[in-house]
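What follows is a set of notes on a single structure, which appears directly below.
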Amino acid sequence: MPDQEDDAAEGGGAVTPLYGEPFDSGLARAEEHHLNAEVAAAIAVYDQLLTLAESLEDSPDVRFLRAHLLANAASVRLGATDLAAAQDAIDRSHALLDGIASAPMGPRGRQLWLELVLRTLIARADLLRRTGYPDEALACLDEAALRLPEFDDPDGLRTSELGLNRVHLLMDRGAWGAAEEQASALLSATPETAVETVPRLLVALGLICSSTGRFDAAEDHFARAEEHFRLLGDTGEQQTLLAHRAYAAMRRGELDLAERLFAEASAFFERQGRFGDLAVCEQARAFLAGERGDGTGAEGLLTASLERFERLGASIAAADSMLLGAQHAYARGDIDEMKRLAQEARDVYQERAVYERCAQVDLMLARTLEDNVNRTDHGERERESVDNALSLALPAALALEAARYDFATAHARSEWLRLAEDAVQLVFRLVMRRQDQGLLFELAEHRCAGASLALNPSPASAPAAASASVEDLASVFPSAAMKTYWHDAHDEDDEDGPANGTMALGGVAAEAAASAGLRVSPPPKVRMSAQPGPGRVALQEYIAAAEFRYRRRIVHEEEVPFWITDDMTSRPVVQIRLADAGDLFMTWTWAGGARGFGTGHGPGHEVDRAVGALAGALPGAGDGTEGMRRAFTGALAEHGSERRLARTLAEALWPEGLTAQIRQVSERAGRPLVRIQPSPRVAQVPWELLAVDDDVRLIDLADVVTTAPASLRPRDPSTAATRSTGADTDPVVLVLDPRVPGFRADSPLGSVLGPPGSDPELLSLVRRHLDAGAVVPSVATPAEAFRRTDLDRDWLSGVLRAGARRLLYVGHVSGAPVEGGQSEDGTLHLSCAADTAGLTEPLRTHRPLSAKDLLLGTLPLRADGEPGARIWPAPARVALIGCESGGDLRFAESFGPATAMLHNGAELVTATRWVLPTSFAFHGLAQLPESVRPLSEAIVAVDAAHEHEDPVHRLGRWQREQLDRWRADGRIEHSPLLWAALTCIVV
C-alpha cells in the first residue's frame, strides 16, 4: 500500500506517484478524459487498469489499488447516471477496503485508506439519493461523518463533499430553506483549495434560488460556478450548466429559451450516454410541450423519460414524470389514468418522505376537483365535492406556506410566498364557494397572526434537523455566530471557554452575522375566543392534518386570543382583518357593547386599480424631489380629485353593510373605534379618508387605529421587554431632527425642521415639556433640543433603560424596498458614526439604526449579546415622524421600525404610511409663506395626542378638523397629503 510521506505532492497536470507505471499515468489520463466529458474513454482506461491490477499477485497493496480504480470508475459512472454499473463498482470497492482494514499500514497509508473509505461512503450516499432512498443515503453520510475526524483533510475536500451531499438530500426533499442555509454556510467555510466542491456548491445554490423564485441570484451562482469549471477544465460540468439555466428559464416563464437550452443539453447528454440527465431534460421538455398545446409531443417525451428513470431505478424522478403524466391525463379527460398516476407518484413520495411533493400532488387533485365542479353540475353533491377539495387543498397550502420558515432571510421567504400564492388562492376560492363564513374568519385570523420573531438561530422545521446531528452541524457546517474569539482569556483550554474572557465575533464571522437576516418561526395558534382557557383554535383540524401528512410545523405552540378586548369595554369596537389571496378578503367582529360580524370580498382587479390610483397620488419613496413635486399636483392635492379617489377606494375596499353597522352602533352607543389590520397590498390606504357614503368619510363616523399582527405581542416577560407603565415622573425623550454625520443640512439626510430656533410652534412644544417635567436630553433652552450631535444609539439605549414614559422622534426614516421583502432593513437616522457597531452598512461617515438592530440587538455580533428589547426598551407611547416610518405593514413580515417598537414594549406607535412632505416642501412646491408650517402643526398634534388619555381619539379629532378645513377651503396645507399619512398602530 502506498505509504511514502514525500509522495503526497500534487501538481497541476503532473502525474502523482502512487503505484508506479502504468497505473499512475493511466489514472492521470482517465482523469483528463473525465474532465473533458469523454466518459467512454475514461471508463475504458479504468477497465484496462483494473484488468491489469487483477492479474497481479494478491496483496493488501493490490487490493487497495483495485479499490481505488473501482472508486474512480464509480465516480465517472455516477456522473454519467449509469447507476447500476456505479453500484457494482461501489460495492466491490467497499468490500476490498473492508478486507484490508486490519492490514498493517503506516500513517500515510492509513490516511489514503481513510480517504478512499470516505469517497466510497459518499458515493454510495449519492447513489442511494438518486435512486430514491434518502434515509439510507443519510445513514451513509452519518457513517462517513463518524470517520471524518480521523482523516487529515487540509484542503477540506472530503468535509465539503460530505456537506454538499447533505445539501442535495435536503433539496430532494424540498427543504429549500435548510438546504440554502447549509450550502451558504458550507461555501463560506470551504477553502478555495477544495476546487471540485466549490463550483458544485454554487450550482446547488443556483438551483435552490431557481426553485424558490430568485432568478437573478440563481444566475449569479451559475456564472460563478461556470468560471470555476472553466478554470478546472471541466467541460462536462460546463455543458451541464445548460440544463440548470434551462430550468431557471422555465421557472421564470421564458419558455422558448428554456426549450432551446434543454434541447442543446439533451443532445450533449445523449452523445455522452448520460441517460439520467437526458431523462430529466425529456421530462422538462414534456412540460414545455404541454404548455405549447402539443399533447402528442408531451406524451412521447413523458413516456421516454419515465422509461429511462425506471431503468435507472430513479424512483423519485420517475414519480415526478408520473405526476406530470397525471396532469396531461386530466387535460385529455382520462380521469382514471390521472388518478392512477397521481396515486402512484404520491405513494413513492410518501415512502421516500418527500412531503413537499406529497403536498403538490394533493393540490393537483384539489384543483382537478375544483375544475370538475366548475365544469359539471354536481347538484346536491356539490358541497361534498367542495369539502373533499378543501380537505386536500387547505392542509397542503398550509404546509407549503410554512416551508418558508426554513429560510434564513425575509427576502427568500417573500419569494417563496409568491410560489405558494396559487395554493392560497385555491383555498380561498373553495371557501367562498362553500359560503362558509366561519372558515373564512379562521383563515383570515391565521393569515393575519403573523410570523413570530425567532431569536434562537436554530432551524424551524423538522427536515433540517433530521438531515444532520448537532455534532455534524457544529463540525461540518459551523455557524457564523459560533466562530468566536476570546478576549483577555486566561485558560483557552477550558472546556467551558475562558472564564474571564468576553466572546466577540471576529473577521468573516462578524460580517456574516451582521449581514444575516431575521429568523422567524410559524405564527402562534389563534384561539377563537377572547377569554382565557381552552377553546377552538383557528383551522385546528386542517393544521393537524397538515402536520400529520407533511411532517411540518404549521403553528407555534404559543396560543393567543384572536383579539384582546379587556381594555375596550367602555366603547364599541370593531376589529377588521384583511387578507390578500388574489382577491381581497375582509372579516370584522364587534365588541365593547356591540355585537355582530361580517365578511367582505373585493375582486382583485378592482382592488389593484384603486390601490394603483392611490399610489399615483403619493410621493414615491425613491423618487426624491420629482416624486414630491408630482404628489403636489396629484389627486390628494386638489379637493375634487381627492374626493373621487376617496370614493374609488371605498367602492373597491369597503363593504356598505359595515358602514350601516357603524351608523347603527354610533346612534346607540356613541362613536365606535375601528381597528384595521390591513393586508400588505392595502397597507398604505388612508382608511380615515374613505368616502363610505357620498362625501361622508370613515373618520366622520369613527375613530380609526391600525393593528399589527398578534405575533408581535411579547410572549415571555423574562426574555422580552415588559410593557412600560410610563410613570408620570418618567421623562419624555425628544429626538428632534438629529444631525446625521457626513450630511449637510441641505443634503438628502439633512435638516427636516430647518435651523434650530426658527420654528416658534416647535419651540413652544419643547417649552411646554420643560415646564411640565423631566425632558431628555437635558437642555437649558428649547432651541438646544434641535439638531443635536450627541443623540446616537448608545445615548438612546441609556435613556430608555433608565425609564421613559414617551419617545418623540422627528427625523429621517429610510424604508426598505417592498420588493426586497425585508422590512427589518428600515432605518432611523440618529447621530451614530460609521464606527458604531450595528447590523446595517454605513452611509458615508454614518451608520443608521435599523429595525434589525432594534429587534436583534447585539445577539448576532457578540456571543454574550443582548436582544434589542433589552437594549432599547420602548416606552408605552412612541411617535416616529419620518418618511414611511409605518411602512412595515406593506411587507408579508412586519418587522420594520414601528413594529420593532411594539415588539420592544410600546403599546401604541404613531407612524406614517408614506413619505412625508416637509414644511420646506410646502414652501417650495406650493408657494406657501414660511410662516405656514404644516409639518410642525402635525408634530404638535401628535405630541398632544400622546399626552392625552385616548391618543387615538385625540389624533382623530385633529384629523377631522383638518378634513373640515380641506372641505371648506381646499387649501394645500389642509390637504390629506400630510395629515392622512399619520396613523396609530397597536397590537
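Its first residue numbered 15, the sequence shown is counted upward by one per residue in this note's numbering.
Here a beta-carbon is modelled for each residue, glycine too, at the ideal position from N, C-alpha and C.
For residue j and residue i, believed in contact at Cβ under 8 Å, the rounded distance
i, j, result
"L408", "Y556", "4 Å"
"T932", "V754", "Incorrect: roughly 15 Å between the Cβ atoms, too far for contact."
"A300", "Y261", "In fact, because the Cβ distance is near 14 Å, the residues do not count as touching under 8 Å."
"D744", "A818", "5 Å"
"M336", "Y344", "13 Å between Cβ atoms; not a contact."
"D149", "A331", "Not really, about 17 Å apart at Cβ, beyond 8 Å."
"C998", "P965", "6 Å"
"A6", "R711", "Only positions 15 to 1001 of the chain appear in the structure, and residue 6 is not among them; the question remains open."
"V1001", "A724", "7 Å"
Endpoints, alpha helix (DSSP H) assigned at residue i
i, result
"A705", "Element bounds for A705: not the alpha helix (DSSP H) but the beta strand (DSSP E), A705 to D707."
"V754", "Here V754 belongs to no alpha helix (DSSP H), and DSSP marks it neither H nor E."
"Y147", "Here Y147 belongs to no alpha helix (DSSP H), and DSSP marks it neither H nor E."
"I568", "Taken as a continuous stretch (DSSP letters only), I568 belongs to no alpha helix (DSSP H), as it is neither H nor E."
The beta strand (DSSP E) enclosing residue i, as first and last residue numbers
i, result
"C998", "L996 to V1000"
"F905", "That residue, F905, is in no beta strand (DSSP E); it is neither H nor E in DSSP."
"M600", "D597 to A605"
"I104", "Premise fails: I104 lies in the alpha helix (DSSP H), L97 to G113, not in any beta strand (DSSP E)."
"L687", "L687 to Q691"
"E52", "Counting along the chain, E52 falls outside any beta strand (DSSP E), and DSSP gives it neither H nor E."
"D385", "Per DSSP, D385 belongs to no beta strand (DSSP E); it is in the alpha helix (DSSP H), Y369 to R389."
"V625", "That residue, V625, is in no beta strand (DSSP E); its alpha helix (DSSP H) goes G618 to A631."
"D717", "D717 to T721"
"R820", "R820 to V824"
"A608", "Here A608 belongs to no beta strand (DSSP E), and DSSP marks it neither H nor E."
Beta carbon of residue i nearer than 7 Å to that of residue j
i, j, result
"T226", "S174", "no"
"V540", "A552", "yes"
"L111", "L132", "no"
"L49", "D248", "yes"
"A403", "L433", "no"
"L469", "P881", "yes"
"A705", "A645", "no"
"A595", "L412", "no"
"G616", "L592", "no"
"T134", "I104", "yes"
"G250", "H235", "no"
"E640", "A649", "no"
"C846", "R861", "yes"
"V790", "V749", "no"
"E702", "A666", "no"
Proximity to residue i [Cα-Cα], best of the options
i, options, result
"G452", "R299, T721, P911 and M600", "M600"
"I713", "Q976, A109, L316 and S202", "Q976"
"A410", "Q196, A303, F37 and R566", "R566"
"L869", "G531, P686, E384 and A605", "G531"
"V441", "L469, D420, A422 and R381", "R381"
"A416", "R884, L726, A137 and W430", "W430"
"D806", "I222, G825, L726 and P796", "G825"
"C462", "P575, D105, S224 and N918", "P575"
"T613", "D450, F934, L84 and I104", "D450"
"A424", "R927, P943, P831 and D742", "P831"
"V387", "L667, L444 and L255", "L444"
"W668", "E68, R685 and W602", "W602"
"L41", "A193, V59 and R550", "V59"
"E46", "R285, G768 and L246", "L246"
"A940", "R801, G610, R985 and L275", "R985"
"F934", "P943, T926, W928 and W577", "P943"
Original post:
Is there contact between the segment 395-410 and the segment 350-365, where contact requires at least three CB pairs shorter than 8 Å?
Top reply: Under the 8 Å Cβ criterion, the segment 395-410 does not count as touching the segment 350-365, having fewer than three qualifying pairs.
**OP:** Could you say if the segment 917-935 and the segment 846-857 meet the contact criterion of at least three C-beta pairs nearer than 8 Å?
**Re:** At 8 Å Cβ cutoff, the stretches do not touch.
Original post:
Three or more beta-carbon pairs under 8 Å between the segment 623-636 and the segment 693-701, yes or no?
Top reply: In short, these stretches touch, since the Cβ pair count reaches three.
Original post:
Would you say the segment 201-217 touches the segment 228-239, given that touching needs at least three Cβ pairs under 8 Å?
Top reply: By the C-beta criterion, the segment 201-217 is judged to be in contact with the segment 228-239, since at least 3 inter-stretch pairs fall below 8 Å.
Subject >> Meets three-Cβ-pair contact criterion under 8 Å: the segment 897-912 and the segment 822-842 >> reply: In the pairwise beta carbon analysis, the segment 897-912 is classified as touching the segment 822-842: at least three pairs are separated by under 8 Å.
**OP:** Give a yes or no on contact between the segment 871-879 and the segment 888-896, applying the rule of three or more CB pairs nearer than 8 Å.
**Re:** The segment 871-879 and the segment 888-896 do not touch, with fewer than 3 CB-CB distances between them shorter than 8 Å.
**OP:** Assess, as a yes-or-no matter, whether the segment 132-147 is touched by the segment 97-117 under the definition of 3 or more beta carbon pairs within less than 8 Å.
**Re:** With a cut-off of 8 Å on Cβ pairs, the segment 97-117 is in contact with the segment 132-147, counting three or more such pairs.
Original post:
So does the segment 315-328 actually touch the segment 289-296, counting three or more Cβ pairs closer than 8 Å?
Top reply: Result yes; three or more Cβ-Cβ pairs closer than 8 Å.
**OP:** Pair every Cβ in the segment 111-129 with every Cβ in the segment 301-318, then say whether three or more of these pairs are closer than 8 Å.
**Re:** No contact exists between the segment 111-129 and the segment 301-318.
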